[in-house]
Structures are given as C-alpha cells and as structure tokens.
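Accompanying notes for the structure given below.
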C-alpha cells in the first residue's frame, strides 16, 4: 500500500488567481499593441459570460474559456508561462498555502495537484510548491498551434474524482487515508471521495456543504 | 444507627425540608426549577469576599514586595528584552467586566517598563493548544489603548505549531521534553500575568503549559497521569501538577520568570442577575419575578440566541489578592486566598450527586458547549472540584442536567466533531484513543491550519478532553465493582446515568402533578408537596422548617450517608472545586 496522498485544487485554493487571470495575462502579451488591446478587451467583455457559464456548468465554461486560446502558438504560450509564474502566480500564492503543504509533507503525504488549469501554466508553480505529481488540462495543438479544445480527460468536477479513483487504484492508495482541498462546490465529487476532505477559502455553497458534512474549513488567505 | 436530624448548617450547606422552595439548576442555556426530595443537601458558594478597595495599589505593592525575588523595577534595565505572557480567554469564567484584571496589571507593568527604558516588549497570549483569541477578544482583555499600541506585531497569540517559534530548552529528569515559545526563551525577563480560578491553574502550569507545544503538553495531558491524580484540583495529590512542576523547574533554570498571580472573588452575578447565586429560600418577590421572566424569555428564544444572551452577561469579579515573585511561593499564597473564597466544608459523601451543567466551560467561551465538553464539565471539572474525598461516594450516581444537543462549532471545535463521530463509536478507552489516533489528529494539516490561521482548538485537544473526563470514572473505578464502574463511566454519566428511581438521565421538569408524587430518591417512599412552583408559597399544611420531621425520622435510609447533594454552577464549581475535605 502506497503512502497516503493529499489532492489539491489550485485556483482559489492555494493561489488567489483564477483561470481568467491567466487568460488575461496571455491576452495582454500578444505580439503587437493593437492585438494585445483587442484580445484584452475581448477577454474583459467575456468575463460576465464566464461567470454565468461557470454557474451553469463547468463543461460549458471550459468550452467557452479555452476557445480563447485558439490560434496561439505553442512556443509562445510556453515561453510566456514562465513569465506568468513569476509575475502572476507566485505572488498570488496564499501565505497559508506554504504552511499547509509543509505540514502535509512532514506528515509524509504524497502531494498531488489536480487542477483545471493548463499544464504548461502550472508546471513551474507545481515545482515551486513541491508537488510530487501534477495533473492538469492539456490544450490541443495542431501544427504547434492551439485549436482551443482540450484533450481528454478534461479535469473538472467529476472528472477529477474519476482521475483520483484511477490514480488510487493504480498506486494502491487507500482513499480513506487521503486528504483533499478545494475552494469550489464544483470539486464536491473530489472532496467526497477521500477520508479527510477540507474546504479551503470556500464559496458560500461549499461552506454550507462543509458545515453540513462536518468538514474542516480552512482560511489560507 | 440512630437517625440524625439535618438542619441548615450555614449559608453554604442547606438541607431541603418540607418548607423549602424549589431549587434552581442550570440546564445548558436554560434554567430548571425543581423540587428536590426532603433531606437533599444543597451546596452554595460562600459569600463573595470584599474586593480590594484599591487594586492598583495592591498590584504595585506586589511588584515592589515580591516573594523570594527582587522587585520588578530592580530587574529592569534599558534595552533589555521582555516578554509578557498572560492567560487566555479560558480565564476567568465567564469573562469579567472590563477592565479585565489583566488590563489593570498590564497598565501598571507597561508603565514601569517604559519608565525604565525597556522598549523591546512583546505581549503573548499563552493559549497553548487552545484556540487563538480574536482581535476583538484581545482588545477587550487588554483594553483599546494597549491593543492599539502593541497589536498585531507585539501583541499576539502563542503559536504552538510554528516551527520557527518553538525552541527546546531541555528535558526533565523524568525525560519529559520541554519546548517553549522562542520569544519567551530568548527574553531577558518573562513576566507572566495569571488569573487563578481553579487549583489546577497557575503556578508552573502558566509558562510550562501556556507557552509550550504539543510534544511538551503530551507528556502530562495523557490518561495515565490523569488516572494517577486523585483529583487534579488538589495539587499535592495530582500527578498532573507534579509533572507541571517538574517542567516548571526546567523553565526556571533557563528563563527568568517574574510571576504575577491574582485571585478574584466569586461574584459571578450581581445587579439584576444576583438572584442566580442566592439561596432560593431567600428570594424576594422581585427575584421570583425576574427568574420567571428569564425562564420565559429563554423558553421563547432559539438556542443560538439563548447562548448569546447568557454569554453576554459578564461576571462582576473583583480582585481580592495579588502576589508577585517566584512562581512557587506566589502560587502557594494565591491558592490560600482561593481556598478562603471557594472552599466549602462538606461533611460526608453522598450517594447521588445532582449537578446542573451550565452553558459555559473554559473551552467554549463565545461558542457551543458540545456533548464532549458537557462530559468534560461533568466528569473532568465538577466531579473533581474537591479536596480530600469526592462529593460523590464510590459507586454513587451522578445525575447531570444538560440537554446535550448535537451542536458543534465548526470554527472552534472541528477536530471534536470527527473525534465524536468517528472515534467514539469505535472505542471510549482513552489509552487506545491516544495510542491509535492522537498523533493522526495532532498532525492533521487541516486541523493545524485551522489552529494557526483560524480560531480552532488544536487537533489533539479532544483527546485531552477525553482523558480529563476519565478521572471521575477512574477515581471511582479504583475500588468499585465492575458494575459500579460502568455506572460512572463517562458514557453513562453523560448520556444515561441510571438512578434507582429509574428516572431518565435528564432531570425532568417537575410538574405540580409530578411533585405531588415526588419520592425519596433512595427508598421510593412518597413525600408530600410543600411548595407550589406557580405560587411560590408554601402549602398551608406545610409545617415550619424547625418543626418538620427530619428525613431520617421519615425514612430510615436517610440515616446513613444516603442523601443527595445538589450543586449549581457557579455554586458547584466554586464550592467543590476547592471544597474542604469531606470525610
């Protein structure tokens, strides 16, 4: 039997930024000023739509959100990802996140990041926070250009739970000994399948759910 | 054996007779008014001692005339590093009116430090593994002026899980590890401000426990130590106190501690609420009106509002003594003053002890008294408030009055919830719980996060509560039969303590009809009603107190030590916590 594992959501849980911040960063770093302005304006105008779509369905949100990456070159995205980490993601890590990860590490837990963000955007952050494994969404590239679609499996909501179950089976992990941390109600399946779930900086609905289920509620801000 | 008449001995021990009024019992956030059987012994607290006319002068005198130590001013020099640690919100109970005695102490000590050019001063709330106090609570405790000057950089809660904030200073000769707050260890002088309310507080426990980490606390907050303590409210017979003293002596070797201890009187309620502490026989019509009004209001309110209402009434404690200097002589003197105020001599143990569990304990200020804390209050605290012998004889029955709702505070007691729901169904053996699960809870990153960044008790805290509550059971278990042992186990006492009259564990509200059929707890013989709860007047046929036949004459079972004692918070804790030996 492998050592117990702690599964973490990223946006809103360990860092204060969300997917839209990442998209905004790429939008304002387009080649050419006009293109940057146009892309940024389009992203800003899309925010209400993102919010509504996220409330309706995570799947719909993903299809709308990742469409904005269509047409961008893989090289450029990967190049900017390092800047994204330095300028946006690292400063956005909650102070309590380091403590939480440190305590989990001392406890001997294997640290796994399970996020709906794009893999190349979180690679550096994952290494910085000392995760043992990281699973994230993968953008589809054709001819090294993004199509705006995701490669399956798409990490969101129930898919995270499904991936964790497969991971646990493969690694011989007892999920009852595992921990999971998330800030969002959409990750309820992931939280529900481990023995030690915790709501981190939760939204109202997750807070209510956590209180109903007697889960710890953490504030890492 | 010839029956002895039982008279009202004094103001602190009163016997129920046929003309006695119904008695008031706390029942969580509610109040119960119950007729008790004739012959029941009711224990009241002593009258509050007169508070010091000039507390400031007394504090200054203590600082200038310390016990076995140089005066505080003589220990100060410019540029030195000073740490002032103080008790957390668990003392006093309920929180006292402002200004809190810690504020009074701080104002004088800080003024003295400033006058001697001591600028490097940190104020630390010695909460150990208790929850961090909120900013509002700290502000209330130390006053706005001090809070604004020091918080948050130089006034903060102790953090037992800060890897950089804890340092090891050695071991006791028995191998107990001593880890303490780094700031305190690295200070030239540590000043501890203490409020002593129960004998297990204060002394070496202040620094050695208040500023330690889990590893240090684990050495003495464990089942065997508690089992080896006859009563941990009786320091000379408490293994817990002995271990704390050992740790304290290591602390004294490495730290320069100037201990300031205070004793308060027991004026828990005054003004319009003073009737709660009075003998019900002495109630005025206005007192009865207030009581009925309060009961009515409480009956109409939801639980959360009741809790808020009851906890909103601050205690009217007054300072009765202040000593400073070396830890041990100071603590000895303060304990003497505490016993003067709180100890009530009770002759003879009882078969049945009835206690009402109030709405508050050291671990739920501004929070919920959850079922685990109810058990701790009953078996850990109320049962143990004795010196000599317990109020309840071996194999006796403890009747607890508390609704014991399945209510939990997710912010303050998250680990309690898992402990109660996951572990207790598996086992209630505190040794097994400690060995199997305590470290898992203590090291749970979620609970550590909630302790450090929220206001949660440490993950291991419910285990300490569980072992605390074991004392009552283990004290009885030492010489009682297995059957009796079961009756005094935590579970039975809290959940379903059987009585000989087969009453449900909750002390039922006596209706007039039920009172008419009220029976002696021991022999089941009926006694006639004497008081009407509605009218608060004695029945016309009730004989006078002096003329009433003694219970012993009525019923031979009363002749032996078979009477029930009724205690009431604060009466119970304040009397039996420091009660004189019952022999």
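Residue numbers (this note's numbering), protein chains in the order written: chain A, 1 to 221; chain B, 1 to 583.
Yeah, the Cβ is synthetic: ideal placement off N, Cα and C, and Gly gets one too.
Keep in mind it's a predicted model, so treat the numbers as computed, not measured.
- Here residue 75 of chain B is not bridged, per DSSP, to any residue.
- When secondary structure is reduced to three states using DSSP, residue 178 of chain A falls in the coil class, being assigned neither helix nor strand.
- Boundaries of the alpha helix (DSSP H) around residue 188 of chain A: 188-192.
- Residue 80 of chain A and residue 215 of chain B have their C-alpha atoms some 47 Å from each other.
- Neighbours of residue 452 of chain B in chain A, taken as residues at a C-beta separation under 7 Å, are given in chain order as 99.
- With three or more CB-CB distances shorter than 8 Å, the region 159-170 of chain A counts as touching the region 108-119 of chain A.
- Checking the DSSP bridge columns, you'll see residue 321 of chain B partnered with B:263.
- Against residue 127 of chain A, chain B offers no close residue; the least beta-carbon distance is about 20 Å (beta-carbon pairs closer than 8 Å).
- Residues of chain A whose Cβ lies closer than 8 Å to the Cβ of residue 443 of chain B are, in chain order, 103, 106 and 107.
- With fewer than three CB-CB distances shorter than 8 Å, the region 100-107 of chain A does not count as touching the region 57-68 of chain A.
- Counting only Cβ-Cβ distances below 7 Å, residue 4 of chain A has no contacts in chain B at all, with the closest Cβ about 10 Å away.
- Listed by position along chain B, the residues whose Cβ is nearer than 7 Å to that of residue 198 of chain A are 446.
- Below 8 Å, too few C-beta pairs join the region 385-402 of chain B and the region 51-67 of chain B to call them touching: fewer than three.
- Per DSSP, residue 48 of chain A lies in no beta strand (DSSP E) segment; the continuous alpha helix (DSSP H) that holds it begins and ends at 33-56.
- With a threshold of 8 Å between beta carbons, residue 418 of chain B makes contact with chain A.
- For a Cβ distance threshold of 9 Å, residue set 444, 445 and 446 of chain B lies close to residue 179 of chain A, ordered along the chain.
- It is roughly 16 Å from the alpha-carbon of residue 19 of chain B to the alpha-carbon of residue 13 of chain B.
- In terms of Cα proximity to residue 173 of chain A, the closest of A:194, A:184, A:183 and A:189 is A:194.
- With fewer than 16 neighbouring CB atoms inside 10 Å of its own CB, residue 2 of chain A falls in the exposed class.
- By the rule that beta-carbons nearer than 8 Å mark a contact, residue 410 of chain B touches chain A.
- Residue burial is scored here from C-beta neighbours: residue 27 of chain A has at least 16 other C-beta atoms within 10 angstroms and is therefore classed as buried.
- DSSP places residue 122 of chain B outside any alpha helix (DSSP H); the residue lies instead in the beta strand (DSSP E), whose first and last residues are 120-125.
- For a Cβ distance threshold of 7 Å, residue set 453 and 454 of chain B lies close to residue 219 of chain A, ordered along the chain.
- Apart from the 5 residues on each side of it in sequence, residue 411 of chain B sits with its Cβ closer than 7 Å to the Cβ of 454, 455 and 456 in its chain, given in chain order.
- Comparing alpha carbon positions, the residue from B:461, B:101, B:264 and B:357 closest to residue 29 of chain B is B:357.
- In the structure shown, the three-state DSSP call for residue 148 of chain B is helix.
- Going by DSSP, residue 178 of chain B is part of no alpha helix (DSSP H) but of the beta strand (DSSP E) stretching over 177-181.
- Rounded to the nearest angstrom, the gap between the Cα atoms of residue 9 of chain A and residue 210 of chain A is 16 Å.
- Close to residue 211 of chain A, with beta-carbon spacing below 7 Å, are these residues of chain B in chain order: 410.
- Residues of chain A with a Cβ closer than 7 Å to the Cβ of residue 414 of chain B are, in chain order, 216.
- If you compare the alpha carbons of B:399, B:461 and B:423 with that of residue 27 of chain B, the shortest gap goes to B:399.
- In this structure, the alpha-carbon of residue 96 of chain A lies about 10 Å from that of residue 450 of chain B.
- Under the 8 Å Cβ criterion, the region 45-59 of chain B does not count as touching the region 76-89 of chain B, having fewer than three qualifying pairs.
- Under the 10 Å beta carbon count, residue 47 of chain A is surrounded by fewer than 16 other beta carbons and is classified as exposed.
- Closest option to residue 164 of chain A, judged by alpha-carbon separation, among A:134, A:203, A:141 and A:149: A:134.
- Taking C-alpha positions only, residue 294 of chain B is separated from residue 274 of chain B by approximately 13 Å.
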